[in-house]
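Note sheet for the following structure.
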Amino acid sequence: MKGFFIFLLLCISTNGFATEQAEEIFKQLAPSLYQIRLIDKTSGEKSSIGSGFQINKDGLIATNYHVISGFASHPAKYTIEFLDHQGNKGVLELKSVDVINDLALVKRSTEHDMPYFSIATDAPQKGEEIFSLGNPHDLGMIVVPGTYNGLKKESFNQRIHFTGSVNPGMSGGPVVNSETNVVGVNVATSGNQIGFLVPHDKLANLYKAYQLSPPDSIKKQMALQLSQNQQKLISTILSAEWKIKSLGNGLIPTIDVPFIRCWGESNADKTDALLLAAVANCSLDENTYISSRFFTSNLEMEFQYMKAKDLSDAKFYHLYEKRIRRAGPANKASKDNVSEYQCHHDTVIPDNHAIENKTIFCTRSYKDFPKLFDVLYLAASIDKGNQALVSHFTIAGIEQATALAFTEKFMESVKWN
Numbered sequence: 015m016k017g018f019f020i021f022l023l024l025c026i027s028t029n030g031f032a033t034e035q036a037e038e039i040f041k042q043l044a045p046s047l048y049q050i051r052l053i054d055k056t057s058g059e060k061s062s063i064g065s066g067f068q069i070n071k072d073g074l075i076a077t078n079y080h081v082i083s084g085f086a087s088h089p090a091k092y093t094i095e096f097l098d099h100q101g102n103k104g105v106l107e108l109k110s111v112d113v114i115n116d117l118a119l120v121k122r123s124t125e126h127d128m129p130y131f132s133i134a135t136d137a138p139q140k141g142e143e144i145f146s147l148g149n150p151h152d153l154g155m156i157v158v159p160g161t162y163n164g165l166k167k168e169s170f171n172q173r174i175h176f177t178g179s180v181n182p183g184m185s186g187g188p189v190v191n192s193e194t195n196v197v198g199v200n201v202a203t204s205g206n207q208i209g210f211l212v213p214h215d216k217l218a219n220l221y222k223a224y225q226l227s228p229p230d231s232i233k234k235q236m237a238l239q240l241s242q243n244q245q246k247l248i249s250t251i252l253s254a255e256w257k258i259k260s261l262g263n264g265l266i267p268t269i270d271v272p273f274i275r276c277w278g279e280s281n282a283d284k285t286d287a288l289l290l291a292a293v294a295n296c297s298l299d300e301n302t303y304i305s306s307r308f309f310t311s312n313l314e315m316e317f318q319y320m321k322a323k324d325l326s327d328a329k330f331y332h333l334y335e336k337r338i339r340r341a342g343p344a345n346k347a348s349k350d351n352v353s354e355y356q357c358h359h360d361t362v363i364p365d366n367h368a369i370e371n372k373t374i375f376c377t378r379s380y381k382d383f384p385k386l387f388d389v390l391y392l393a394a395s396i397d398k399g400n401q402a403l404v405s406h407f408t409i410a411g412i413e414q415a416t417a418l419a420f421t422e423k424f425m426e427s428v429k430w431n
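Sequential numbering from 15 applies to the sequence shown in my numbering.
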């Protein structure tokens, strides 16, 4: 069944040497490449597919976490299967994950030493040609030459910017340099020849940790990784400079870190609007994938300034209240993943006495990760007759003490000008 392993060379360069080099790399590495399949036990059919590659002689295979996430969440429902370059199939065991960097280690049974990929010790030079391998759209393995463009600047968890086609089904495949050492792992695409890779050192760290101490529980391993990542994120944010800027007659914070991006909008051009409204939204440009219905580890902040035009206080309050009802969680989660929100309502004056707010503080717990919560906070000013300042944030997958520290800093940073 060698027809499975069709060689479809997608070359973004017309350079003949690059094509020959890609062909040689493919021939050399084909025995260590796999299609990774998630099989639904009841139907016996594929639920998802991706790519993987062997990283030691004993059958240990690296792939993306999201390729096998169904099994990690529901091991009784699925099996993980490989298909090799000769059409042979077999069952894989899930051995370890790095859910933050979207990596997983699975293992096939072996009776003898097998060929495998070596992980690079150094990152490529910017502009260096590298080669992505994978299985797009279930068509067969391909190799795609592309360019290493360094790390994505706006990312809290590092990703490599790759100029090349990372198509569906290539997830979890290796990206190698001209010496065939792994420098990254396919993970995502933005289209138009823009792809993103997990840096090789993240895989090296996962492999080293597995060698030293294999996890006894994938769920416990994931819980620890989620907690440590969110504590690191919030600690970085709290220690950064919080700059204060104007929004109408209010003052709001912006946080001086590259991975939080802010956008603004207003209706200042609408002369017939009953309310003058200006909105600023700041968010983390990434999240952590747990399953297709569950994302976490993100942060969003939103601020709204509103001022009435010739309205009574009662009419203004009515319109104002309609706007603040729109607040909701920034992350996707189902009832299988999280509890219902529990909310506490209060009237709060911060220690700086700069504003008086009606507040709502809500939390919902994670069913599989009991120490982690989603937090939603909303504060609406009540000390101005015809103008209002609304401040709102959501944080996904945070522990209680860290959430309270962020909330205190956030509350003290919103005030009237």
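All C-beta atoms, glycine included, are put in the ideal place defined by N, C-alpha and C.
Just reading off the alpha helix (DSSP H) that LEU247 is part of, what are its end residues? 232-253
Leaving out five residues on either side along the sequence, give the residues of the same chain with a beta carbon under 8 Å from the beta carbon of ILE26. Because the pLDDT at ILE26 is just 38, under 50, the model does not fix this residue reliably, and the point stays unresolved.
Quick one, which of TYR162, SER297, ASP72 and ASP136 has its alpha-carbon nearest ASP127's? ASP72
Just how far apart, CA to CA, sit LEU24 and ILE174? Legend: pLDDT at LEU24 = 42, less than 50; position of this residue unreliable, value from coordinates given subsequently. If you take the alpha carbons of LEU24 and ILE174, they lie about 20 Å apart.
So which of ALA347, LEU119, GLN318 and ASP388 has the shortest CA-CA distance to SER260? GLN318
Three or more C-beta pairs below 8 Å linking the stretch 185-195 and the stretch 69-89: Touching, yes.
In three-state DSSP terms, what is PRO11? Nothing about residue 11 can be reported from this structure: the residues present for the chain run from 15 to 431 only.
Go ahead and label PRO272 buried or exposed: buried means 16 or more other beta carbons lie within 10 angstroms of its beta carbon, across all protein chains shown. exposed
If you scan the stretch 156-216 from start to end, which runs of the beta strand (DSSP E) of 3 or more residues do you find wholly inside it? Segments of the beta strand (DSSP E) lying fully in the stretch 156-216: 156-165, 174-177, 188-190, 195-205 and 208-213.
Taking all protein chains shown into account, do 16 or more other C-beta atoms lie within 10 angstroms of the C-beta of THR225, making it buried, or fewer, making it exposed? As written in the sequence, residue 225 is Gln, which differs from the Thr given in the question. When all chains shown are included, GLN225 counts as exposed.
Within 10 angstroms of the Cβ of LEU52, are there 16 or more other Cβ atoms? Answer buried if so, exposed if not. buried
Excluding five sequence neighbours on each side, which residues of the same chain lie with their C-beta closer than 6 Å to the C-beta of ALA86? ILE232
Which residue comes first and which comes last in the alpha helix (DSSP H) that contains VAL81? 79-87
Using alpha carbons as the reference points, say which of ILE409, LEU238, ALA291 and SER280 lies closest to GLY342. ILE409
Helix, strand or coil for PRO267, going by three-state DSSP, please let me know. DSSP places PRO267 within a strand segment (E or B) once states are collapsed to three.
Distance check for GLY209 and ASN163, CA to CA, integer angstroms please. 10 Å
Contact set for GLY511: own chain, Cβ-Cβ below 6 Å, skip 5 residues either direction: Past the boundaries of the shown model lies residue 511; the chain is included only from 15 to 431, so the question cannot be answered.
Between which two residues does the beta strand (DSSP E) containing ALA415 stretch? Counting along the chain, ALA415 sits inside no beta strand (DSSP E); it lies in the alpha helix (DSSP H) bounded by residues 414-426.
Can you tell me the Cα-Cα spacing of ILE369 and PHE424, whole angstroms? Rounded to whole angstroms, the gap between the alpha carbons of ILE369 and PHE424 is 13 Å.
Under a three-way DSSP split, which group does HIS358 fall into? strand
ASP365 - partner residues in DSSP beta bridges: Per DSSP, none; premise fails for ASP365.
When you compare only the Cα positions, how much space is there between ILE251 and PHE330? Computed Cα separation, rounded: 35 Å.
Quick check on HIS126: does DSSP put it in helix, strand or coil? Here DSSP, grouped into helix, strand and coil, assigns HIS126 to coil.
Can you give me the C-alpha to C-alpha distance between PHE407 and GLU38, rounded to a whole angstrom? 52 Å
Between the alpha carbons of SER65 and LEU147, how many angstroms are there, rounded? 8 Å
Given that a residue counts as buried once 16 or more other Cβ atoms are within 10 Å of its Cβ, and exposed if not, what is PRO519? For residue 519 there is no data in the structure shown, the boundaries of the chain being 15 and 431.
Can you tell me whether ASN371 is helix, strand or coil according to DSSP? strand
Return the chain-ordered list of same chain residues with a C-beta closer than 8 Å to the C-beta of PHE309, the five sequence neighbours on each side being excluded. In the same chain as PHE309, and ignoring 5 residues on each side of it, the C-beta atoms closer than 8 Å to its own belong to ASN301, THR302, TYR303, ASN345, LYS346, ALA347 and ALA410, in chain order.
Would VAL105 be called buried (16 or more neighbouring beta carbons within 10 Å of its own) or exposed? exposed
Just tell me which of VAL113, GLU316 and GLU107 has its CA closest to the CA of VAL120. The residue with the shortest Cα to Cα distance from VAL120 is GLU107.
If I measure Cβ to Cβ from LYS385 and keep anything under 6 Å in the same chain, skipping five residues before and after, which residues do I get? GLU413
One or two residues paired with ASP388 in a DSSP bridge: ARG378
DSSP on GLN100, reduced to helix/strand/coil? coil
Pick from TYR92, ASP286 and GLU125: whose alpha carbon is nearest that of ALA322? ASP286
Where SER46 sits in the DSSP three-state scheme: helix
Pop quiz: ILE156 and VAL197 are said to be a contact at Cβ under 8 Å. What is the actual Cβ separation, rounded to whole angstroms? The Cβ separation is near 18 Å, so there is no contact.
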